[in-house]
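Numbering (this note's numbering), first residue to last: 19 to 299.
Structure, as structure tokens:
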């Protein structure tokens, strides 16, 4: 596995690979890798000749007071994990490499970013879209793999690729869960053992919603109310949102008469968790 830290070298290597007729799959991450990330890499490994993974904790998607400074990092562990996939190129730029002399030009998603997580994190998706656009220009992949756990992010990236005419195929990979059902996340490291039952109420509520829809309940308001009650029964939780949306527009739906997506963001203590699952009538 080659480790590249400069933009110029990554661009040069990508250009050489393309000239040699090699296809490139790309998985962008913020590091502190877990099985969810590794599943994205294995998916990418199957889709192209060369697999590139980036590790970059992107400062522009964190608002003041969020956890940028304390976001978990372990580059040595990440390097060992990527070698086992195996990854061909690990791209590890620093902040100066990505945002030399600051950044005055941003990609600002519109309607899709003004719902769900965008309501409480108004700069988040601008930071995500900007860094992903920059990484696409640097790595120049044929395919990029993103996890469905960050469903709003995946939807926004797909729309950005369409709107800005990126020649990149976006692949969504299924959420990977821990044995008890908790969606894998680097932020799970913040959870205290006694907070685990509250954290599990997210996936339990989503599974219950899937069962309700399968049994014929299609009124979104009733399903959301049930989820709110189940999660709210844990005093350490603070619900940001629970919604059932159209999977392409992210607009809330009142009746589940076609495939929809149920998504939620919930604070458990000081840890913000997100999760989602499809609902199919």
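Note that beta-carbon positions come from the ideal geometry of N, C-alpha and C, so glycine has one too.
Computed from a predicted model, the values in this text were never measured in an experiment.
Nearest-angstrom Cα separation, counted from residue 279 out to residue 253: Taking the straight line from one Cα to the other gives about 26 Å.
Is residue 235 helix, strand or coil by DSSP? coil
Excluding the five sequence neighbours on either side, which residues of its own chain have a C-beta within less than 7 Å of the C-beta of residue 169, listed in chain order? 279, 281, 294
Pick from 97, 67, 120, 104 that is closest to residue 76, judged by C-alpha positions: 120
One question on the structure: do residue 156 and residue 29 come within less than 8 Å of each other, judged by their Cβ atoms? yes
Which of the three DSSP states, helix, strand or coil, is assigned to residue 6? Absent from the model: residue 6. The displayed extent of the chain is 19 to 299, so no value can be given.
Taking the alpha carbon of residue 245 as the point to measure from, which residue in 223, 251, 255 has its own alpha carbon closest? Of the candidates 223, 251, 255, 223 places its Cα closest to the Cα of residue 245.
Inter-residue Cα distance where the pair is residue 104 and residue 42: 14 Å
Does the count of Cβ pairs from the region 33-41 and the region 83-91 closer than 8 Å reach three? no
Beta strand (DSSP E) containing residue 297: first to last residue? 289-297
Any heavy atom of the ligand ADP within a distance shorter than 7 Å of the CB on residue 120? In the structure shown, the ligand ADP is absent, as is every other ligand, since no ligand is present at all.
I'd like to know whether the C-beta atoms of residue 260 and residue 286 end up nearer to each other than 8 Å. Result no, Cβ atoms of residue 260 and residue 286 do not sit closer than 8 Å.
Classify residue 193 as buried or exposed, calling it buried when 16 or more other Cβ atoms lie within 10 Å of its own Cβ. Label assigned to residue 193: buried.
Bridge partners - residue 187, DSSP secondary structure assignment: In the DSSP assignment, residue 187 forms a beta bridge with 161.
Can you check whether the CB of residue 201 is closer than 8 Å to the CB of residue 297? no
Would you mind reading off the limits of the alpha helix (DSSP H) that contains residue 60? Counted as a single uninterrupted DSSP element, the alpha helix (DSSP H) harbouring residue 60 occupies residues 53-65.
Between which two residues does the beta strand (DSSP E) carrying residue 20 extend? If you look at residue 20, you'll find it in the beta strand (DSSP E) that goes 20-22.
Looking only at its chain, what residues have a beta carbon closer than 7 Å to the beta carbon of residue 217, apart from the 5 residues adjacent to it on each side? 200, 209, 286, 291
Answer yes or no: do residue 25 and residue 159 have a C-beta to C-beta separation smaller than 8 Å? For residue 25 and residue 159, no; Cβs fall outside 8 Å.
Measure from the alpha carbon of residue 162 to the alpha carbon of each residue in 58, 205, 237, then state which is nearest. 58
Less than 8 Å between the CB atoms is what I'm expecting for residue 255 and residue 219, so what's the real figure, rounded? 7 Å
How many angstroms separate the CA atom of residue 181 from the CA atom of residue 257? Roughly 32 Å between the two C-alpha positions.
Cβ atoms of residue 249 and residue 275: under 8 Å apart, would you say? no
Can you tell me whether residue 45 is helix, strand or coil according to DSSP? Residue 45 carries a strand assignment under DSSP once its states are collapsed to helix, strand and coil.
With DSSP as the reference, label residue 85 as helix, strand or coil. coil
With distances taken from CA atoms, which of 52, 191, 205 is nearest residue 288? 205
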